[in-house]
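All remarks here apply to the structure that follows.
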Amino acid sequence: MLLIICMSTLFFSQCLNRQSEVNDVRSNGYAGSETCVSCHRNFTASYAATAHHNSTSPASKQTIKGSFETDSNVYAYKPNLKVQMEERDSRLLQVAYLDGREKQSAPFDIVVGSGRKAQTFLYWIDDQIYQLPVSYFVKARAWVNSPNYPADKVRFDRNVPIGCFECHGSYIKRTSVEVVNNRLSDHFDKNSILYGIDCERCHGPAAKHVAYQQQHPDEKKAKYIASFASLSREDQLNMCSVCHSGLHDTKQTTFFFRPGAKLSAFIHPDTTTVSLADIDVHGNQLQLLKSSECFIKSNTLNCSTCHNTHVNERDDPALFSKRCMSCHQPDQDHFCKMAEKVGPSIVNNCIDCHMPTKESKLITLRSQGQTKPTPNLVRTHYIAVYPDETKRFLKDRDR
Ligand code: HEC
Ligand code: HEC
Ligand code: HEC
Ligand code: HEC
Ligand code: HEC
Ligand code: HEC
Ligand code: HEC
């Protein structure tokens, strides 16, 4: 429902600017994404439906994918120990019960994850953020034990650092850091949070661009904003690598990374070489793509060759296959060696054979009663020949 309201342009500016402040909290030359709407409506309207835009949000019944209905609102650790998702006086809570007695509860404040695959929920204690015990696994349609919590105890005490927001949001102001039990613990300004990944998170601060274009309405060329085409390939990739090259220690917050800046000024680069088989499919799209023949042998392939990040293009293999065929045309000598066997429908799906989904070792989710957690499945970005997936593809097709 929220999605539909957001997609209608009438209400779009409120949706994009959930913060509803005219001045962007980031200051430093940021205009705020609501200002882009007047001139870039074709981009802003479709953007509201993307995973990036919805990657963090204030918790509500619309943004939380899991159910609060009796019977489907429980995660049981043991027969006598459970967490129940409850709505009390319009507050949404996770409530822990031992032997039927309420022990502890905390509110759903923040949702992390657009709901493609999984969501984790956070709550505030004063100016610090903690993870709730129970997460949601979309495919299994089940409440699950939150990652990094033990399987047999209810815990509410995992302190959440700024990193989640640096990759899943646009801004949160860190006011101080303290050391607790040898670990860093962040304090935040609660009113500074900018949910979701917004236009300026990728394009950089645009206040000067906005002011110039507003003063020169007849100017058809852009000023004071980086043009993607004029960036080096490395800089083009870095616009995505800042969040899609795995977890790194940061030298300074990545919130203010902008196109053309040196990524190494923000994150400590990988120092050890990891073998291809050990690169996890979750989060490491850059490393996997860079290992592929397509990347090595072409001088142009980058993330935007296949992804238009302004539109939700999920689950459309035919569309992505067209992008493969911008380089691998069916009438060329080096076209797919399976073409004859697959037949003309090959143009609809290069993906399941050459970029199959693989199990993540990093992200696994434990459903109720499971002794072994279920791995999350992520599309690999190592483009190659996968004999097993080819066999499976042909078998499924012939069934
Ligand atoms: C007053 C009108 C106006 C506003 C407001 C505006 N832009 Fe633009 N923008 C333009 C024009 C005109 C161009 C050049 C034509 C085009 O590419 O659409 C442009 C181009 C761009 C480009 C492409 C640059 C290039 O050379 O490839 C980006 C990126 C961009 N704008 C981002 C933004 C963002 C982000 C915002 C909001 C913070 C924004 N713009 C607000 C008018 C505007
Ligand atoms: C995830 C990163 C990302 C986000 C978020 C993003 N963009 Fe872009 N944008 C890109 C990239 C990469 C390009 C260049 C390649 C392309 O056109 O897809 C681009 C290109 C553009 C262009 C120039 C396109 C052209 O054909 O001239 C405009 C204008 C633009 N973006 C505006 C916006 C606006 C407005 C928003 C917010 C609603 C936004 N972008 C959000 C990454 C992003
Ligand atoms: C600020 C961090 C950040 C940046 C910059 C960023 N991404 Fe993402 N991206 C994410 C996160 C986080 C998700 C998972 C969103 C979710 O589902 O909650 C994601 C998801 C995606 C998805 C899956 C979308 C879907 O609907 O299945 C694609 C594709 C993607 N990103 C491509 C890109 C590309 C291409 C760029 C560069 C132009 C880029 N991203 C830049 C953080 C980022
Ligand atoms: C270095 C960037 C980065 C950091 C830090 C990060 N994430 Fe993510 N996260 C991603 C990307 C990219 C995706 C989606 C693409 C993938 O799975 O490869 C994702 C996916 C997710 C998803 C699944 C969303 C969906 O529906 O697919 C959840 C939930 C999530 N992250 C929670 C968190 C939490 C909580 C934290 C902080 C403890 C965190 N992430 C820290 C980059 C990051
Ligand atoms: C920018 C151009 C470009 C795009 C887009 C592209 N490739 Fe490639 N790909 C290449 C080049 C160049 C090679 C090296 C071999 C050659 O010259 O044919 C290659 C090699 C391959 C190989 C052989 C890999 C190996 O390890 O032997 C496969 C399979 C492949 N591509 C599949 C795909 C698929 C599937 C897509 C879409 C998801 C795709 N490619 C998109 C340029 C591209
Ligand atoms: C050759 C084409 C191609 C290139 C280049 C490419 N991708 Fe993808 N990507 C895909 C396809 C195909 C999917 C699966 C889309 C779907 O099924 O919805 C995908 C999915 C994703 C997802 C979601 C994965 C999941 O299963 O949750 C993320 C995140 C992503 N891409 C990020 C990136 C980033 C970052 C780059 C650049 C480093 C990149 N991609 C480059 C083709 C490509
Ligand atoms: C049924 C699975 C399947 C589908 C669908 C498929 N491929 Fe392939 N492809 C393979 C296999 C297996 C090979 C290796 C065959 C061999 O070496 O005998 C291959 C080889 C290739 C090669 C390397 C050719 C060479 O000269 O070495 C390219 C490029 C390629 N495929 C691209 C594509 C593209 C583009 C599509 C979509 C239009 C596609 N494939 C669809 C399974 C598939």
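Each residue of the sequence shown is one higher than the one before, starting from 5 at the first, in my numbering.
C-beta: ideal position from N, C-alpha, C; glycine also.
Here the structure is a predicted model, which is why all the values come from computation and not from measurement.
(Q) To test your reading of the DSSP string, which unbroken alpha helix (DSSP H) runs of 4 or more residues are found completely within the stretch 210 to 270? (A) 211 to 219, 237 to 248
Q | For residue 254 and residue 183, the rounded distance between their alpha carbons | A | 17 Å
(Q) Could you compute how far the alpha carbon of residue 114 sits from the alpha carbon of residue 341? (A) 49 Å
Q. For residue 84, which residues from the same chain have a beta carbon less than 6 Å from its beta carbon, with the 5 sequence-adjacent residues on both sides left out?
A. 103
Q | Opposing strand residues paired with residue 187 [DSSP bridges] | A | 184
Q | For residue 72, three-class secondary structure by DSSP | A | coil
Q. For residue 325, which of helix, strand or coil comes out of DSSP?
A. helix
Q | Simplified DSSP assignment, three categories, for residue 282 | A | helix
Q: Please confirm whether any heavy atom of ligand 7 lies closer than 7 Å to the CB of residue 56.
A: no
Q | Option nearest residue 64 by Cα separation, candidates 219, 116, 350 | A | 116
Q | Same chain only: Cβ atoms within 6 Å of residue 146, ignoring 5 sequence neighbours per side | A | 371
Q.
Tell me the rounded alpha-carbon separation between residue 15 and residue 53.
A. Its pLDDT being 36, under 50, residue 15 is placed unreliably by the model, and nothing is read from it.
Q | residue 25 (DSSP reduced to helix, strand or coil) | A | Confidence at residue 25 is low in this model, with a pLDDT of 35, below 50, so its placement is unreliable and no value can be given for it.
Q. When the Cα atoms are used, what is the spatial distance from residue 26 to residue 205?
A. Low confidence applies to residue 26: its pLDDT is 45, below 50, so where it sits in the model is not reliable, and the reading given next is rough at best. Each residue's alpha carbon lies about 17 Å from the other.
Q.
Between the alpha carbons of residue 303 and residue 295, how many angstroms are there, rounded?
A. 13 Å
Q. How do the stretch 47 to 62 and the stretch 91 to 103 stand: do at least 3 beta-carbon pairs fall below 8 Å, yes or no?
A. no
Q.
Does residue 141 come out as helix, strand or coil in the three-state DSSP assignment?
A. strand
Q.
Using a Cβ distance threshold of 8 Å, determine whether the stretch 262 to 274 contacts the stretch 241 to 250, with at least three qualifying pairs required.
A. yes
Q: In the DSSP assignment, find the beta strand (DSSP E) that holds residue 125 and state where it starts and stops.
A: 122 to 129
(Q) On the criterion of 16 or more Cβ atoms from any shown chain inside 10 Å, does residue 385 qualify as buried, or is it exposed? (A) buried
(Q) For residue 300 and residue 292, which I take to be in contact (beta-carbon distance under 8 Å), what is that distance rounded to the nearest angstrom? (A) Not quite, the Cβ-Cβ distance comes to about 12 Å (not below 8 Å), so this is no contact.
Q) Considering only residues of the same chain and omitting the five flanking positions on each side of residue 327, which have a CB-CB separation below 8 Å? A) 309, 310
**Q.** Sequence ranges, alpha helix (DSSP H) only - wholly within the stretch 316 to 395, length at least 4
**A.** 321 to 328, 343 to 346, 355 to 358
Q. Would you call residue 230 buried or exposed, if buried means 16 or more other Cβ atoms sit within 10 Å of its Cβ?
A. buried
**Q.** Assigned secondary structure, residue 305 (DSSP; H/G/I helix, E/B strand, else coil)
**A.** coil
Q. Identify the residues that DSSP records as bridge partners of residue 170: which are they?
A. According to DSSP, which records beta bridges pairwise, residue 170 is partnered with nothing at all.
(Q) Spatial neighbours of residue 406 within its chain, please: C-beta separation below 7 Å, excluding the five flanking residues on both sides. (A) Residue coverage of the chain in this structure runs from 5 to 403, which leaves residue 406 outside it and unanswerable.
Q) What are the start and end residues of the alpha helix (DSSP H) that includes residue 38? A) Segment: none, residue 38 is in no alpha helix (DSSP H) and carries neither H nor E.
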